[in-house]
Structures are given as C-alpha cells and as structure tokens.
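Note that the protein sequences, when read in sequence, are chains A and B.
Every letter in the first sequence is one number past the one before it in the numbering used here, and letter 106, counting from 1, is 106.
Every letter in the second sequence is one number past the one before it in the numbering used here, and letter 60, counting from 1, is 174.
Backbone N, C-alpha and C define an ideal beta-carbon position, used for all residues, glycine too.
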Amino acid sequence: ETGVTQTPRHLVMGMTNKKSLKCEQHLGHNAMYWYKQSAKKPLELMFVYNFKEQTENNSVPSRFSPECPNSSHLFLHLHTLQPEDSALYLCASSQALTSENEQYFGPGTRLTVT
Amino acid sequence: GENVEQHPSTLSVQEGDSAVIKCTYSDSASNYFPWYKQELGKRPQLIIDIRSNVGEKKDQRIAVTLNKTAKHFSLHITETQPEDSAVYFCAAGGGGSYIPTFGRGTSLIVHP
C-alpha cells in the first residue's frame, strides 16, 4: 500500500517478555522515526535516526531500545514493559531530517502489555 | 521549542456542512504547516500543506489558510461527507527544530 511497512501489526506481551517491532521503508528516505500514539494523547516522538545515526532520544525509558542497522530498517526492542506502554507504535520516514519534509507513516503496531 | 495548540478536540457536523479546525503555533520562524488525516485503524497521511510564502491553498473540498502575523492556521473542509470522519493533526515545521511539532488532533465526526 505505501512504502513504509511495520510488523507485527498486533502484539500482546507480558511484562517480563522481550519482543521487537520492525519497520522497513522502501522510499529511499534518510530519516526514520518512532512515535507512540496513546488514546486521547498527542503523537509522542520517541526516537529519530538520520542516515542510521540516532539524533534524538526524547527521554524514553530504557525498556525501549531502538536499533537502526541501515537507512531502510528500524527496530524497537521491548523488554520489561509496563501496562501503560500499551499503545499504537508508529514508524515514519522522511526524505531528509528536516521539519519541512512530509512524514510517511507505517500502519503501526498495536501493542498490548498484560 | 515549538508549541502547537489545536482546537477543537472533537467536532461533530452533519453531512454537507463545513468543518473548520484551528491551530496556533509559537515559533515565528516556522514556515511549513502540514495537515495529516488518520482514519480509524489506519496510518496518518498528509492531505494538504502550506508554506509561509502563501496565505491560502485549496485542493478540491479542503483548504488551508495561514496567518503568519497571528501565528495561526486553519483547515477548512466544505460539503463534508461521512468518509471525512477521521482524526486530523496539524503540525508546524521549519523553525528551530528539525522535527515537526504535531497538534493533539481533532476527531471529526460527519453524521449522514
């Protein structure tokens, strides 16, 4: 459908589990982002990567660990999560790391922490 | 840093009516103002954007206006249809930050 894919689309995990979210973009973009979207809250920027280098960590707890092996792939490793971490996790990419570029979002991973 | 306020948080209209969503921003250096639409269960997608060198931009039934002096911009949807029902996010970019700042979103409900 679009150039940004995310897997899995849905994930249920216990607080002691370890899981990873995957994002892939086929648009040739250089910047990639992780956002958290909770009900009744604005989009929360979590991490930003530019040319696979992390440029922003928006005070995210260490139980979320990002990885960007190349400009096309982005992972979010999860461990020891809390129920309040349940949310929709959106990956996005943009041509360049500038706030004047369109952000292309993936379909998101609906995460439920039990 | 930039601060974007968006109102209202919820907007309910009858099919055929117009809908207006308003945003204000704080960084006078911002010069790029996109609007994203997120339908239920789907990803946010850019529907229209405006840059500070223009005051208004239209695309069929949607239009965006920008008042740089007052630091506010608005999304106007005319002849609303049920498929316009979604959450709409405004954003501001091009100022001091290299990442756009999003508003909190407006849930638009169009009743048939």
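Exercise. Assign H29/A to buried or exposed, taking buried as 16 or more other Cβ atoms, counted over all protein chains shown, within 10 Å of its Cβ.
Key: buried
Self-check item: Buried versus exposed, by CB contacts within 10 Å (16 or more), D131/B
Solution: exposed
Quiz item: With 16 as the cutoff for other CB atoms within 10 Å, does R175/B come out buried or exposed?
Solution: exposed
Quiz item: If you pair each beta-carbon of the stretch 63 to 76 of chain A with each one of the stretch 132 to 152 of chain B, do three or more pairs fall below 8 Å?
Solution: no
Quiz prompt | Runs of alpha helix (DSSP H) wholly within the stretch 59 to 99 of chain A (minimum 4 residues, chain order) | solution = none
Quiz item: Listed in chain order, which residues of the stretch 7 to 40 of chain A have Cβ atoms closer than 7 Å to some Cβ of chain B?
Solution: none
Quiz item: Going by beta carbon distance, what residues of the same chain come within less than 6 Å of L88/A, once the five residues before and after it are set aside?
Solution: Q37, G108 and R110
Quiz item: So what does Q120/B bridge to, in DSSP terms?
Solution: C137/B
Self-check item: Any 3 or more C-beta pairs closer than 8 Å across the stretch 188 to 205 of chain B and the stretch 139 to 155 of chain B
Solution: yes
Exercise. Taking C-beta pairs closer than 8 Å, name the residues in chain B that Q54/A reaches, listed in chain order.
Key: Per Cβ cutoff of 8 Å: no residues; Q54/A is ~13 Å from chain B at best.
Quiz item: In chain order, what residues of the same chain lie with their CB nearer than 6 Å to the CB of M32/A, ignoring the 5 residues before and after it?
Solution: Y49, L74 and S93
Exercise. Just grab the DSSP bridge partners of D163/B for me.
Key: P148/B
Self-check item: Three-state secondary structure assigned by DSSP to G173/B
Solution: Sequence inspection shows Asp at residue 173/B; the Gly mentioned does not correspond to that position. Strand at D173/B.
Practice problem: List the residues that DSSP assigns as beta-bridge partners of E24/A. | Solution: T5/A and H73/A
Exercise. Consider the Cβ of G115/B: report whether some Cβ of chain A lies at a distance smaller than 8 Å.
Key: no
Quiz item: Per DSSP, what kind of secondary structure is E56/A in: helix, strand or coil?
Solution: strand
Quiz item: The beta strand (DSSP E) with K36/A in it runs from where to where?
Solution: A31 to Q37
Practice problem: Please name the residue in G217/B, L160/B and S144/B whose C-alpha comes closest to that of N167/B. | Solution: S144/B
Quiz item: Of all the CB atoms in chain A, is at least one closer than 8 Å to the CB of Y202/B?
Solution: no
Quiz item: Whose Cβ in chain A lies nearer than 7 Å to the Cβ of L160/B?
Solution: E102
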